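Visitor: Residue numbers (my numbering), protein chains in the order written: chain A, 1 to 428; chain B, 429 to 557; chain C, 558 to 1123.
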Amino acid sequence: MKIEDVVCSFCGCLCDDLVVEVDGKKVVNVENGCTLANEKFMGDHRLETPIRRTGNGWEKISYEEAIAETAAILLDADRPLLYGWSGTFGEAQSVGVHLAEILGAVIDNTSTVCHGPSILAIQEVGHPGCTLGQVRNRADVVVYWGANPIDAHPRHMSRYTTYCDGFFLKDAFKDRKVIVVDVRETESSNVADEFVRVNPGGDYAVLSALRAIVRGKRDIIPPNVEGVSREQLFRVADICIAAKFGAIFFGLGLTMSPGKNKNIRNAIELTQELSRHTKFTISPMRGHWNVYGSNEVFTWITGYPYAVDFARGIAFYNPGETTSVDILRRGECDACLVVASDPGAHFPRACAEHLARIPTVQIDPHVNVTTHLARIQIPVGVAGIDAEGTAYRMDGVPLRTRRLYKGDYPDDQEVLRKIYEIVREAKG
Amino acid sequence: MRFLLNTGRTIAQGSFVERKNSPSYRMAAATICMNPVDMLEILVEEGEHVRVSSDAGVVVMKVIPDQGLPRGRVFVSLGPYANHIVSAETHGTGMPDFKLTPVSIEPTKDPVMPVGSLMGLCGGLPYED
Amino acid sequence: MAGLHIKNAFVIDPLSGVKGEIMDISIRDGKIVEDAPPGAEIIDAAGCLTLPGGIDSHSHVCGTKVNFGRYMSPEDMRAGRTARKGVMHVTSGYSVPTTFGNSYRYSTMGYTTILEGAMAPLEARHTHEEFTATPHQDMLANTLFDGNWSIMEAVKEKDDKRAAAVVAWTLSAVKGFAIKLTNPGGTEAWGWGEDMSSIHDQVPNFGVTPAEIISTMIRANELLHLPHSVHLHCNNLGVPGNYRTTLETIDLVPDLNKDRQSLYLTHAQFHSYGGTTWRDICSKSEEIARAVNNKPQVVMDMGQILFGRTTTMTADGPMEFKLYMLHHNKWSNHDVELETGSGIIPVYYGRKSLVNCVMWSIGLELALLTKNPWQCLLSTDSPNGAPFVKYPEIIALLMSRKFRDSERKMIDPRTEHLVPLFALDREMDWYEIAVMTRAAQAKALGITRIGKGQLSPGAEADVAIYPLRPDEIDPSADYQQVMAGFSRTLFTIKRGRVVARDGVVVVEGANSTIWTKANVPPAYDMGADPEFTRKFEQYYTVRMSNYPVQDVYLPRGVRIETEASL
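1. Quick one: list the residues of chain F neighbouring L399(A), beta-carbon separation under 8 Å, in chain order.
2. Any C-beta of chain C within less than 8 Å: which residues of the region 113-132 of chain A qualify?
3. Quick check: is the beta carbon of P81(A) nearer than 8 Å to any beta carbon in chain B?
4. Could you tell me which chain B residues have their CB closer than 9 Å to the CB of R265(A), listed as they occur along the chain?
5. Using alpha carbons as the reference points, say which of D326(A), T370(A) and S229(A) lies closest to V339(A).
6. Label N762(C) either buried or exposed according to how many other C-beta atoms from any shown protein chain fall within 10 Å of its C-beta, with 16 as the threshold for buried.
7. In chain C, which residues lie less than 9 Å from Y304(A) when you measure between Cβ atoms?
8. State the DSSP-derived secondary structure class of E48(A), mapped to helix, strand or coil.
9. Does DSSP classify H477(B) as helix, strand or coil?
10. L1012(C) by DSSP, collapsed to three states: which one?
11. If we define contact as Cβ-Cβ less than 8 Å, is M547(B) a contact residue for chain A?
12. In whole angstroms, give me the CA-to-CA distance for T727(C) and V787(C).
13. Between D395(A), M394(A) and V380(A), which has its C-alpha nearest E388(A)'s C-alpha?
14. If contact means a Cβ-Cβ distance below 8 Å, which residues of the region 157-178 of chain A contact chain C?
15. So, are the CB atoms of Y160(A) and R138(A) less than 8 Å apart?
16. Show which residues of chain A have a CB atom less than 9 Å away from the CB atom of T655(C).
17. Should the region 308-315 of chain A be regarded as contacting the region 503-511 of chain B, the criterion being three or more beta carbon pairs within less than 8 Å?
18. Output, in sequence order along the chain, the residues in the region 349-361 of chain A whose CB is closer than 7 Å to any CB in chain B.
19. In its own chain, which residues sit with a C-beta less than 6 Å from the C-beta of G485(B), not counting the 5 before and 5 after it?
20. Can the beta-carbon of T994(C) be found closer than 8 Å to that of G611(C)?
21. Are there 16 or more other CB atoms within 10 angstroms of the CB of P595(C), so buried, or fewer, so exposed?
22. Interface residues of chain C around R138(A) at Cβ under 8 Å?
23. Can you say whether H885(C) is buried or exposed, counting buried as having 16 or more other CB atoms within 10 angstroms of its CB?
24. How many angstroms separate the CA atom of K1000(C) from the CA atom of S660(C)?
25. Using the C-alpha atoms, what's the distance from A675(C) back to S755(C)?
26. State the Cα-Cα distance for the pair Q1011(C) and P571(C), rounded to the nearest angstrom.
27. Between the Cα of S229(A) and those of D408(A), A205(A), T186(A) and G126(A), spot the shortest distance and give me the residue it belongs to.
28. Against chain A, with Cβ distances strictly below 8 Å, would N434(B) count as a contact?
29. Do R479(B) and V488(B) have their CB atoms nearer than 8 Å?
30. Would DSSP call D219(A) helix, strand or coil?
31. Anything in chain A within Cβ reach of V486(B), meaning under 7 Å, just list it in chain order.
32. For a cutoff of 8 Å on Cβ pairs, would you count Q134(A) as touching chain C?
33. Take P631(C) as the anchor and find which of K887(C), Y1104(C) and D1086(C) has the nearest alpha-carbon.
34. Note down, in chain order, every chain A residue with its Cβ under 7 Å from the Cβ of A722(C).
35. With a threshold of 8 Å between beta-carbons, can W58(A) be considered close to chain B, or not?
36. Does any C-beta atom of chain C lie closer than 8 Å to the C-beta of S86(A)?
This is the structure in structure tokens:
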């Protein structure tokens, strides 16, 4: 059976034009997808049943047992951490937040190690953005800063920017200028009209220089700013000012580099400065599929996009303190529930060590790095393949992913609901 | 020799995220990209192993040349190998310094560990599927 | 479902012609009935003011921009935090509370129905997700068409029927309730960093004017026989001298519907400014109110501001950018492809700001100068003028000249030379307040047909009982008591069930979402229109099949169907 207009559940682009062929409980072909989508849909490497770590081995256990033991671990904890969420759909995330609320837990999502600093910057200066279709139909200048879409968001350029014609750009590849700013050459910088190579850690200074130029203060710019020549800075600023519609997309090259949230703040303020001259927007390249959805769901329930601590009864938010890496580094949490993400792979070693010390339960369809650190893993359906629900694209557009076939696994929401019911019963 | 370690997404890493016990994932996540002149300098050839050490730890990876990198800089796909040597300090931002870790690199004959064994070093127990 | 019997209630039910009588109200199966079933729970209202559940016909509570207002404002979240208690979830936020915060606070004020003022169709699913998490009110969504490309093309071709067909398809696809135009044409122009400065400007690249968009949409709305009229946020919001734009807009409005207005002008306060700059701004409420008094086919809501901190949020992206240039505080913007825009900035309305004092006066003047309370509804365009929790303060100001005079002493003394407010003697009575907070909303929205806004048998049993005894209170003197009373009901009853009591929400709640489906002849089904479909697939970044909001997002959807005259 061929299913059209399938929403991809890999990255934040949420491409929704895939054609997926399904044979029984197996995807046999994917059209229109990128390499990552093909791997995702064709992948056939599920953990088969819940597993539990014994003394020095692993055993298969039933869902009932796994769920009961997970609830017991969470109930027994003084300071549980519920982490992950980006790889699952909104309805499951919502149960997760309510579970955290009733437990008095900390709940955090993968923004904490991707665009958390962007959120901090937005909370300082706001965010002038737009949906991706605005860029596609209007933008004659596109800037990728600290982002490598060809590797991380393979169809971003063909669906929304470089190679994509729009209403006001009939020949996008010719009419649209692409600027890439990075510390290294990448596949993406190779296709740019202008590649700006910045010294590691130099983004803040380069952004400041561009802001000064846009403000008309060319005379204060030194000959070289963090590896970028004054001439190139002038050229880039002129391209931006002359744009009819400019769009900046930034990635982890800005959020993770020295300066972090201050880099993003500077980039947003550059956008605001450019908005006084022409139309300019800025958008984070959200990586992990529904990470933006986790920010949205957390926000409408708790008021905060990530790093929410319910220990005091109210929702408390203080990134740097209530963020997962900090909590794990301090050895503060005494149990961890990981849902739809892989902190074992993506957190520094010290965090992995603490996850191994405490009872860690993982709800995830696949064996991943965290599996080796966990006490229990509960496999579930994969959102967008054999589980369905709402996901938010990197620009905030919500889409409903579909279940392509009825599989053999419960979904995240179902498993979380059962845990929630046990916990609620116990908490009275 | 001292280097600055950068990490980030690669298409290979992304392709194997749902098969993290596989040799392909290990290959994607435990490969360090280096400027070819630097490789000459520390006397390693493509495919050989290096020991990468930072203040936070030590890990063995396989080296490949990358013309696009300036000298003194190395790049590793994000994942458990890079994170084995990234500090958990966030300077109050919640975000570790994933993009800029000072490291020293030297050739080694030691093997690149499987993911499970690496987590074994962290106190975990490898699960073989 | 068990019944409920409310006895000794001081009932004002304007739609049923009840203007303040002690009577009993019986409820069964969620409806008002003649006689309560045996064994019904009895509530003794003891002469307290009993009204149909409150209806907010313009508030920003759910959806993309509202949530972004929360997301970008941890300082606002911190300003209103409550812990989980009983059935109540954690809440955060003062001017942009979390969904449960909105729902509980509205409920304890006696509100049972809310219209979200602006939903971008492309992001409708988000609005509906938040509706589900706002469990104590029935929800409706104004759907934005101000910069809709297909609409502007139909306007250009002077094809009212095609415009109507696009509206019908879209409302049905996104489960929207009514047509909202926010700065028509201006949000498209903002896609290029521009704006409309009059209703006769041409929208760049589309060759139509705001006046043409508004007129076409008013006619299209009536071709579809939608329950509500076009809901308009005029061009030039917040610009000194904008009252002329507003008057010109009012002049456009034909009288096309015998049951309700043909145009709903929202947050009129923001559109009633004289002067030429912020330095010489003055009130033009008299001109606006006179125009509305002369045009029964126009209804407006106040858009009152109140002093203090709040967050402004609107689909009017260019206006928010102007505010940003003024305040230099944080600024967010979010343009939506082929449809509309939006912007957010935090603001502080100060008693020491002459401009803010003039704005404050204008809202009250509009209410006091509009002769017919059915034509001027109570609102703050929450949270733009103030968060809705301040409605009781507006009620008290409208009911008490004494209160207005005491406020006069607190504000910039120059204000009184620029506004007529302090010369107005009018003090509203309980009946007029009941009209302005529920009955007129129900009528204006066209939802009396589903039993909203009234307490006659057959109506939805949404009831608010306030700790106010109209026989004993003189609102003119006891305005503090009036304010306190409207802030917290004794009982809020939603669909026949007590949901809040003395300020505490007592059940988990299960709301409905009310939406509109206009049935059109096959020739006007845009879903099968080759040109519409082609453009959709070419210029949107989502596939047409992924655009409609699935039924699963409306667990208790109430569909109002109409038969279009196309």
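Where is the CB? At the ideal position from N, CA and C, for every residue including glycine.
Source: prediction; values computed, not measured.
Guide: On the basis of the data shown:
1. The chain inventory of the structure shown lacks chain F, comprising the protein chains A, B and C.
2. I119, I122, Q123, E124, V125, G126, H127, P128, G129, C130, T131 and L132
3. For this step, residue 81(A) is matched to residue 81 along the first sequence. A small correction: the amino acid at residue 81(A) is Leu; Pro does not occupy that position in the sequence shown. Taking Cβ atoms only, chain B never reaches closer than 8 Å to L81(A), which makes this a no.
4. Position 265 of the first sequence, counted from the first residue, corresponds to residue 265(A). Ordered by position in chain B, no residue passes the 9 Å Cβ test against R265(A), which lies about 12 Å from the chain.
5. Translated into positions along the first sequence, residue 339(A) becomes position 339. Nearest option by C-alpha distance: T370(A).
6. In the third sequence, the residue the question calls residue 762(C) occupies position 205. N762(C) should be labelled exposed.
7. Indexing the first sequence from 1 puts residue 304(A) at position 304. Within chain C, the C-beta atoms nearer than 9 Å to that of Y304(A) come from R627, Y628, P631, M634 and S649, in chain order.
8. In the first sequence, counting from the first residue as 1, residue 48(A) sits at position 48. Reduced to three states, the DSSP call for E48(A) is coil.
9. Working through the second sequence from its first residue, we reach residue 477(B) at position 49. Here H477(B) sits in strand by DSSP.
10. The residue you call residue 1012(C) lines up with position 455 of the third sequence. Of the three classes helix, strand and coil, the one that applies to L1012(C) here is coil, per DSSP.
11. Stepping through the second sequence from its first residue, residue 547(B) is reached at position 119. It does; some Cβ of chain A falls within 8 Å.
12. Within the third sequence, numbered from 1, the residue matching residue 727(C) stands at position 170. Within the third sequence, numbered from 1, the residue matching residue 787(C) stands at position 230. Looking at the two C-alpha atoms, the distance is approximately 15 Å.
13. By 1-based counting over the first sequence, the position of residue 388(A) is 388. Minimum Cα distance to E388(A) is reached at V380(A).
14. Those would be R159, Y160, G166, F167 and F168, in chain order.
15. One-based indexing of the first sequence puts residue 160(A) at position 160. One-based indexing of the first sequence puts residue 138(A) at position 138. Cβ distance not < 8 Å, so Y160(A) and R138(A) don't count as in contact.
16. Translated into the one-based positions of the third sequence, residue 655(C) becomes position 98. Ordered by position in chain A, the residues that pass the 9 Å Cβ test against T655(C) are T299, W300, I301, T302, G303 and A315.
17. no
18. R349, A350, C351, A352, E353, A356 and R357
19. The sequence position of residue 485(B) within the second sequence is 57, counting from 1. Correct list, in chain order: H512 and I513.
20. The sequence position of residue 994(C) within the third sequence is 437, counting from 1. The sequence position of residue 611(C) within the third sequence is 54, counting from 1. A contact, by the Cβ cut-off of 8 Å.
21. In the third sequence, the residue the question calls residue 595(C) occupies position 38. Exposed, because fewer than 16 other Cβ atoms sit within 10 Å of the Cβ of P595(C).
22. By 1-based counting over the first sequence, the position of residue 138(A) is 138. Those within 8 Å of R138(A) in chain C are G748 and W749.
23. Taking the first residue of the third sequence as 1, we reach residue 885(C) at position 328. Result: exposed.
24. Here the question's residue 1000(C) lines up with position 443 in the third sequence. Here the question's residue 660(C) lines up with position 103 in the third sequence. Cα to Cα, K1000(C) sits roughly 23 Å from S660(C).
25. As a first step, residue 755(C) is located in the third sequence; it is residue number 198 there, counting from the start. As a first step, residue 675(C) is located in the third sequence; it is residue number 118 there, counting from the start. Rounded to whole angstroms, S755(C) to A675(C) spans 22 Å at the Cα level.
26. Taking the first residue of the third sequence as 1, we reach residue 1011(C) at position 454. Taking the first residue of the third sequence as 1, we reach residue 571(C) at position 14. So the two alpha carbons sit approximately 7 Å from each other.
27. Stepping through the first sequence from its first residue, residue 229(A) is reached at position 229. Answer by Cα proximity: A205(A).
28. Here residue 434(B) refers to the residue found at position 6 of the second sequence. Yes, N434(B) counts as interfacial toward chain A.
29. By 1-based counting over the second sequence, the position of residue 479(B) is 51. By 1-based counting over the second sequence, the position of residue 488(B) is 60. The answer is yes: Cβ separation under 8 Å.
30. Stepping through the first sequence from its first residue, residue 219(A) is reached at position 219. If DSSP states are grouped into helix, strand and coil, D219(A) belongs with the helices.
31. Taking the first residue of the second sequence as 1, we reach residue 486(B) at position 58. Near V486(B) there are no residues of chain A at all, since even the closest Cβ is about 10 Å away, more than 7 Å.
32. Residue 134(A) sits at position 134 when you count from the first residue of the first sequence. Closer than 8 Å: yes.
33. The residue labelled residue 631(C) in the question sits at position 74 within the third sequence. The option with the nearest alpha carbon to P631(C) is K887(C).
34. Looking up residue 722(C) in the third sequence gives position 165. In chain A, no part has a C-beta under 7 Å from the C-beta of A722(C); the shortest such distance is about 21 Å.
35. Working through the first sequence from its first residue, we reach residue 58(A) at position 58. Proximity of W58(A) to chain B, defined by a Cβ-Cβ separation below 8 Å, is satisfied.
36. Here residue 86(A) is taken as the residue at index 86 of the first sequence, counted from 1. Output row for S86(A): interface = no.
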